[in-house]
Every structure is written in C-alpha cells, then in structure tokens.
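Numbering (our numbering), first residue to last: 4 to 229.
For every residue, glycine included, the Cβ atom is placed at its ideal position computed from N, Cα and C.
What follows is one structure encoded as structure tokens, with my remarks underneath.
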C-alpha cells in the first residue's frame, strides 16, 4: 500500500522547510491535545463520582419528602394539603453563570434558598401538621439538590462532548495529518536528493564534453600549425 502524501506540493527546498515547520507544529499540537484530553478525562471521572452521589441523595430526599406528604394527606386530607400548598411563597433565586474547565465553559449555579419557618412559608400552625412541615422542608432541600445535580450533569455532558471532539482531533493528527506530513517531507527530500544526483551527473557529462572539445580544438590547432 502506497504511503499517502499531501497533494499539490512542489518538490523545492522552500516547500521542504515550510513542511518541516508544519510537521513540528502538528507534533506539538498533538502533544498538547493529548494532555488536554487526559486532563478532561480525569476531570470527567472526578465529576462523575459526584453525580452518582448527588443522584442518590436526591432520590433519598425526594422519597422522604413524598412519604411525609403522604402522611400529611392521610392526617389532613388532600383538600387541606392542596390549600396549604397554594399559600406557599416562592423563595428560590438561581443565578446561572459559567466557569472554565480546560477551555470548556460549564454552568455555575448560585442558588439563594433560605431556610424558612412555617410562617415564612405562608401557612400557620392551626391547619397543618408536623408531617406537612417535614414534607415542605424535604421538598425545599430536594429543589436545591436538583439544581446542583443539573449543574453537575450539564457539566458532564459538555465535558463528554469536548473529550470526544478532542479525541477526534488527536486521532486525525496522529493517524492522518502527521503521517502525511512525514511522508511528504520524506518524498520531497528524496526527490531533491535525486535531482541533485541528476544535476551532478549532468554537470559531469557537460564538463567531460567541454574537456573533449577543448582537447579536439587543441589537437586541431597543433595540427594546423604543423
């Protein structure tokens, strides 16, 4: 199988020097991209461990919240629980910015979620129960944890996309571009050496012809004088 080379490259010394510079840059770029890929993969698995723990915590807290809500519904009735829920004041304030991980902008959620008493939530003691208050507290905790989980999972998706993109670029350089550059440099270098040999042989033949002509002319001149 013939080695692939870059098309449309003239076999000149200028082109050879330019290709060697491109080759050096490609090798350096390949090394930097490999370092970036490895760092991203490490960061990815570090955050993945956090995702597993965060999901478990969310599921546990939500289960506890629904259990408390079910008990509250049994004690107070569905209508009373729904009425109380309608009186609850919204209190979640989420400010989404971003941070940078190895050149990848990922979300950063700043959540303002104050702990609230019964009065802060908008309902009183007379028509509620401790189970309803416990359910409200658990759901508040769940909302905060879900926001944090969303931030982590979005970061995971963005890092995974960047890792895949970086891997493709590393493979393209490693298996396509760098070998093509190496083969082209090698091909041009061999062609230039061949051209030098051809020029050397041509110059030698020209010199030999000139020397023969000079010898003939000298012999002819000597004969004419005689």
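Original post:
How about residue 163 and residue 47: are their beta carbons less than 8 Å apart?
Top reply: Yes, these two residues count as a Cβ contact at 8 Å.
**OP:** Alpha carbon to alpha carbon, how far is residue 152 from residue 144? Give it in angstroms, no decimals.
**Re:** 12 Å
**OP:** Give the secondary structure of residue 111 by DSSP, where H, G and I count as helix, E and B as strand, and everything else as coil.
**Re:** strand
**OP:** Just mark residue 40 as buried or exposed, buried being the case when its beta carbon has 16 or more other beta carbons within 10 Å.
**Re:** buried
Original post:
Which first and last residues belong to the beta strand (DSSP E) in which residue 77 is found?
Top reply: Segment 16-79 is the alpha helix (DSSP H) holding residue 77; no beta strand (DSSP E) there.
Original post:
For the stretch 96-107 against the stretch 27-36, are there 3 or more C-beta pairs whose distance is under 8 Å?
Top reply: Verdict: no, contact absent.
Original post:
Does the beta-carbon distance from residue 148 to residue 52 come in below 8 Å?
Top reply: no
**OP:** Can you tell me the Cβ-Cβ gap for residue 97 and residue 114, rounded? I've got them flagged as a contact below 8 Å.
**Re:** 5 Å
Original post:
Would a C-beta distance cut-off of 8 Å place residue 12 and residue 18 closer than the cut-off?
Top reply: Against a cut-off of 8 Å, the Cβ pair of residue 18 and residue 12 comes out as a contact.
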